[in-house]
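For reference, the structure discussed in these notes is given below.
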Ligand SMILES: Nc1nc2c(ncn2[C@@H]2O[C@H](COP(=O)(O)OP(=O)(O)OP(=O)(O)O)[C@@H](O)[C@H]2O)c(=O)[nH]1
Ligand SMILES: [Mg+2]
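Numbering (the working numbering), first residue to last: 20 to 301.
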């Protein structure tokens with residue numbers, strides 16, 4: 020994968036470091052489809068020892084049983100973890116998350132009170148990889164559309180404070196990736212889920228990786244969606260899908276690029292079913 024680490028990531032890193040001192044609680048967002056691969060290994064260092072909550076976003080696109088298992092796993096490690104669908108934001112979800120934030124802030128509020136400080140505002144920083152749903156979550160929690168959102172990475176460019184319920188302030192941040200993936204698979208998973216700018220990835224390569232993943236881990240999904248056979252190399256399968264969809268160039272040639280763009284789009288949009296690509300450690 021070429022040039023996938025954009026220059027503004029270093030700026031975001033600085034932004035986190037500069038603002039971490041101002042916040043009481045950190046909410047780390049991870050994508051429920053990749054609950055492990057979407058966690059930035061640099062964050063632990065950047066957020067120091069702040070109380071932390073993990074929120075798995077896009078639960079509507081992930082396998083519900085897998086999400087449950089991941090939440091249990093994180094909770095068993097002593098990490099408070101919740102899952103959300105911030106697009107169809109349910110009141111119950113909002114209440115639970117706000118309760119978790121307030122609970123995490125109790126020791127800090129106590130400390131402040133002991134020092135005679137009356138300010139009861141809980142300041143919360145929202146961090147996570149690009150496109151994970153940080154701004155969408157903030158809009159859901161604040162019941163306002165104050166944070167810009169979009170279905171591609173890199174929408175939020177700078178920091179933005181948003182107030183809610185009089186006692187909580189949320190700091191929206193740009194997404195952050197890390198310079199080197201420990202495992203190439205992580206790069207593919209992040210590209211497949213939409214965290215890496217499509218302009219810098221080879222979409223045919225990603226589409227074929229998705230096909231291979233589906234064939235190995237969720238057989239039937241391709242057949243169900245496209246009516247094609249799942250036996251064969253990813254390129255053959257992508258070619259068959261293109262034919263089915265009528266993505267043809269001149270002559271008998273198929274338009275693989277168009278097929279790849281479509282497949283990635285449908286995969287991300289949940290048209291191939293709810294999928295979780297990370298498995299729990301044994
Ligand atoms: N299906 C689904 N889509 C979601 C959810 N949360 C966010 N999205 C979508 O994900 C895309 C990215 O959302 P943003 O809130 O802009 O993501 P972000 O993390 O702020 O992204 P950057 O600012 O670019 O880092 C948008 O198209 C949202 O509608 C969710 O819970 N479920
Ligand atoms: Mg954003």
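The beta-carbon is built from N, C-alpha and C at its ideal position, and this holds for glycine as well.
Nearest candidate by alpha-carbon position, reference residue i, set the options
i	options	result
residue 196	41, 59, 43 and 53	59
residue 110	92, 161, 83 and 134	161
residue 219	271, 255, 63 and 171	171
residue 202	297, 94, 84 and 105	297
residue 122	37, 70 and 64	70
residue 154	177, 138, 135 and 289	177
residue 32	187, 192 and 137	192
residue 209	138, 287, 145 and 85	287
residue 282	271, 266 and 272	266
residue 37	268, 217 and 190	190
residue 107	295, 156, 270 and 255	156
residue 221	280, 273, 118 and 96	280
residue 140	52, 127 and 133	127
residue 28	52, 216, 261 and 255	216
Contact test: residue i Cβ vs ligand 2 heavy atom, cutoff 8 Å
i	result
residue 57	no
residue 177	no
residue 315	The requested residue 315 is not part of the displayed model; the chain covers only 20 to 301.
residue 239	no
residue 194	yes
residue 153	yes
residue 140	no
residue 143	no
Proximity below 9 Å, CB of residue i to CB of residue j
i	j	result
residue 159	residue 88	no
residue 50	residue 30	no
residue 264	residue 278	yes
residue 73	residue 35	no
residue 319	residue 42	Past the edges of the chain, shown from 20 to 301, lies residue 319, and the structure says nothing about it.
residue 163	residue 174	no
residue 125	residue 116	no
residue 275	residue 223	yes
residue 63	residue 295	no
residue 169	residue 105	no
residue 247	residue 237	no
residue 120	residue 187	yes
Beta-carbon separation (whole angstroms), residue i vs residue j, contact threshold 8 Å
i	j	result
residue 147	residue 47	6 Å
residue 227	residue 253	4 Å
residue 230	residue 257	6 Å
residue 299	residue 92	6 Å
Sequence-distant residues of the same chain with beta carbon closer than 7 Å to residue i, five excluded per side
i	result
residue 150	171, 172, 194, 213 and 214
residue 21	Note that residue 21 scores 44 on pLDDT, short of 50, meaning its location in the model is unreliable and no value can be drawn from it.
residue 185	none
residue 284	none
residue 240	233, 291 and 292
residue 273	258, 261, 262, 266 and 267
residue 52	77, 80, 81, 212, 294, 295 and 296
Closer than 8 Å: residue i CB and nearest ligand 1 heavy atom
i	result
residue 105	yes
residue 77	yes
residue 174	yes
residue 191	yes
residue 32	no
residue 171	yes
residue 247	no
Own chain residues within Cβ distance below 8 Å of residue i, not counting five before or after
i	result
residue 39	45, 65, 66, 67, 69 and 144
residue 293	79, 80, 81, 82 and 83
residue 94	100
Nonlocal neighbours in the same chain, by C-beta distance under 6 Å from residue i, ignoring five residues either side
i	result
residue 54	75, 89 and 297
residue 242	249
residue 56	205, 208 and 297
residue 301	none
is_contact[residue i, chain D] using C-beta, thresh 9 Å
i	result
residue 184	No chain D is part of this structure, which consists of one protein chain only.
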